[in-house]
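Q: The numbering of the sequence shown is the UniProt record's numbering, which starts it at 1 and goes up by one.
One structure, as structure tokens, below. Some questions next.
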Amino acid sequence: MQTMHAMNDLRRIDLNLLVILDALLSEQHVTRAAERLHLSQPAVSHALARLRDLLGDPLLVRQGGGLVPTARAQELATPLADALAQVQSLLAPNRFDPTSAKRTFRLAMSDYGAALLLPGLVRRLREFAPGIDLQIIHASREGMVDGVLSGELDLAAGVFPDLPGELRSTPLFEEHYACLVDRASLPEGGVLDLPTYLARPHVLLEMRGSGTPEIERALTAIRERRHVAISLPHWGIAPQLIEGTDLILTVSSQGLLNIDTQRLLVVPPPFHIASFGFVLAWHKRRGGDGALQWLIEQVEGVLAKRVG
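So, in structure tokens, the structure goes:
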């Protein structure tokens with residue numbers, strides 16, 4: 001009897017409404033959700049009205065210039081994303097054909113990760129999977145993890161020392177730190193010693209909720225501190241601040257491979273900083289998504305070729 005009731009309930013529900021609800025909860029904006037789904041804004045607004053009536057809850061309420069999910073909507077977000085992922089996996093063809101596939105993936109990474117990954121990945125996609133589109137999201141480590149957990153993100157590339165149990169990951173490469181200095185600012189021989197490192201000002205790359213705790217932990221271990229003269233969230237501009245100054249930039253070594261070595265010098269830190277793994281993370285519920293698994297393989301291939 002319960003099964004019959006459940007079947008009758010399902011017949012009353014247009015499953016497309018759940019896809020629209022998932023997009024609305026992710027975007028928290030009717031227009032952006034409509035663009036993501038390739039629907040008109042009135043169609044999404046009408047669907048939201050039907051969802052409110054069906055679930056007996058406002059789901060999204062206006063606040064400022066956007067929509068904020070209600071407590072009920074927040075409760076629904078994760079199980080809804082899980083359910084849609086399972087349905088997609090169930091209905092997906094056994095074999096993924098990249099040459100004919102039409103799909104948009106949302107990837108999170110820093111501009112450091114983007115510089116390493118995107119040029120090679122985009123070339124692969126244009127050659128082998130021209131129907132695959134990418135949306136790149138810039139977020140802190142915590143923001144990336146939260147996005148993958150909620151289903152808003154498909155993949156996150158970065159440094160994640162403690163991933164939640166719901167997430168899966170694959171190591172892309174092992175990374176270590178290096179220091180970038182103006183060549184003329186060091187004595188002949190180009191050796192950066194610890195007294196010089198501590199005496200000079202530093203550039204810190206830091207996003208809100210992120211930063212480089214590995215460096216600070218290493219300094220704390222030797223009971224030392226550094227003076228940060230400039231803190232900024234953008235990787236790309238940081239090396240340009242070093243030339244002609246006494247500043248020191250301590251960063252992941254892979255980001256310094258294309259530095260102009262006529263004026264700038266890459267040297268080892270004068271104290272031990274633990275190496276770390278750069279990984280690609282996704283939700284375990286996406287294990288049956290052949291398209292996503294194919295994309296993961298492409299990312300692995302790009303970085304294996306570059307870093308190997």
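Backbone N, C-alpha and C define an ideal beta-carbon position, used for all residues, glycine too.
Measure the C-alpha to C-alpha separation of A115 and A157 and round it to an integer number of angstroms.
A: In a straight line, the C-alpha of A115 is about 12 Å away from that of A157.
Q: Would you mind reading off the limits of the beta strand (DSSP E) that contains D53?
A: First-last for D53: Q41 to L55, but that is the alpha helix (DSSP H), not the beta strand (DSSP E).
Q: On a CA-only basis, which of A178, S185, G189 and A229 is nearest H272? Give me that one, please.
A: For the residues A178, S185, G189 and A229, the minimum Cα distance to H272 belongs to A178.
Q: Under 8 Å, with one C-beta from each stretch per pair, do the stretch 133-149 and the stretch 104-121 reach the 3-pair mark?
A: Touching, per the Cβ criterion.
Q: For A101, which residues from the same chain have a beta carbon less than 8 Å from its beta carbon, with the 5 sequence-adjacent residues on both sides left out?
A: Answer for A101: A129, G131, I132 and A291, listed in chain order.
Q: What are the uninterrupted segments assigned as beta strand (DSSP E) that are 3 or more residues long and contained completely in the stretch 75-146, given in chain order?
A: Qualifying beta strand (DSSP E) stretches, in chain order: 103-108 and 132-137.
Q: For G151, count neighbouring Cβ atoms within 10 angstroms of its own Cβ and tell me buried if that reaches 16, exposed if not.
A: With 16 or more other Cβ atoms within 10 Å, it is buried.
Q: Give the straight-line distance between the Cα atoms of H283 and L39, rounded to the nearest whole angstrom.
A: The alpha-carbon atoms of H283 and L39 are separated by roughly 27 Å.
Q: I think L84 touches L18, with their Cβ atoms under 8 Å apart; what is that distance to the nearest whole Å?
A: L84 to L18, Cβ: 6 Å. Contact.
Q: Go to L31, then tell me how far its alpha helix (DSSP H) extends in each direction, as first and last residue.
A: According to the sequence as given, residue 31 is Thr; it is not Leu. Segment V30 to L37, the alpha helix (DSSP H) holding T31.
Q: Would you give the residue range spanned by the alpha helix (DSSP H) that A23 belongs to?
A: Taken as a continuous stretch (DSSP letters only), the alpha helix (DSSP H) holding A23 covers L15 to E27.
Q: Among N16, V203, A229 and R124, whose alpha-carbon lies nearest the alpha-carbon of T99?
A: The candidate whose alpha carbon is nearest that of T99 is R124.
Q: In terms of residues, what are the limits of the alpha helix (DSSP H) holding L198?
A: Here the alpha helix (DSSP H) through L198 covers L194 to A199.
Q: Counting only the same chain and skipping the five closest in sequence on each side, list residues whose C-beta sits under 6 Å from that of G255.
A: So the list reads Y112, once near-sequence residues are dropped.
Q: Where does the unbroken alpha helix (DSSP H) through T250 begin, and where does it stop?
A: Segment I248 to S252 is the beta strand (DSSP E) holding T250; no alpha helix (DSSP H) there.
Q: Hey, quick one: how far does the beta strand (DSSP E) through R69 stretch, first residue to last?
A: The question names Arg, yet the displayed sequence has Pro at residue 69. Where P69 is concerned, the enclosing beta strand (DSSP E) stretches over G66 to P69.
Q: Less than 8 Å between the CB atoms is what I'm expecting for R226 and L198, so what's the real figure, rounded?
A: That belief holds up - the Cβ atoms of R226 and L198 are roughly 6 Å apart, short of 8 Å.
Q: Suppose the cutoff is 7 Å on Cβ atoms and the five residues either side in sequence are ignored; what does the same chain contact list for M7 look like?
A: For M7, the pLDDT reaches just 40, beneath the cut-off of 50, and the residue's location in the model is therefore unreliable, leaving the point undetermined.
Q: With distances taken from CA atoms, which of Q41, T170 and L51 is nearest E297?
A: Comparing Cα-Cα distances from E297 to each of Q41, T170 and L51, the minimum goes to T170.
Q: Helix, strand or coil for R163 per DSSP?
A: The question names Arg, yet the displayed sequence has Leu at residue 163. It is coil, neither helix nor strand.
Q: Taking the CB atoms as reference points, tell me whether R72 and D57 lie closer together than 7 Å.
A: Yes. Within cutoff.
Q: Tell me, please, whether the stretch 261-268 touches the stretch 172-190 by the rule of three or more beta-carbon pairs shorter than 8 Å.
A: Enough Cβ pairs lie closer than 8 Å, so yes.
Q: Only counting the same chain, and skipping five residues up and downstream in sequence, which positions put a Cβ closer than 7 Å to that of S231?
A: Hits under 7 Å: L204 and E206.
Q: Which of the three DSSP states, helix, strand or coil, is assigned to I222?
A: In this structure, I222 counts as coil in the three-state DSSP scheme.
Q: Among D260, S185 and P79, whose alpha-carbon lies nearest the alpha-carbon of R200?
A: When each option's Cα is compared against that of R200, the closest is S185.
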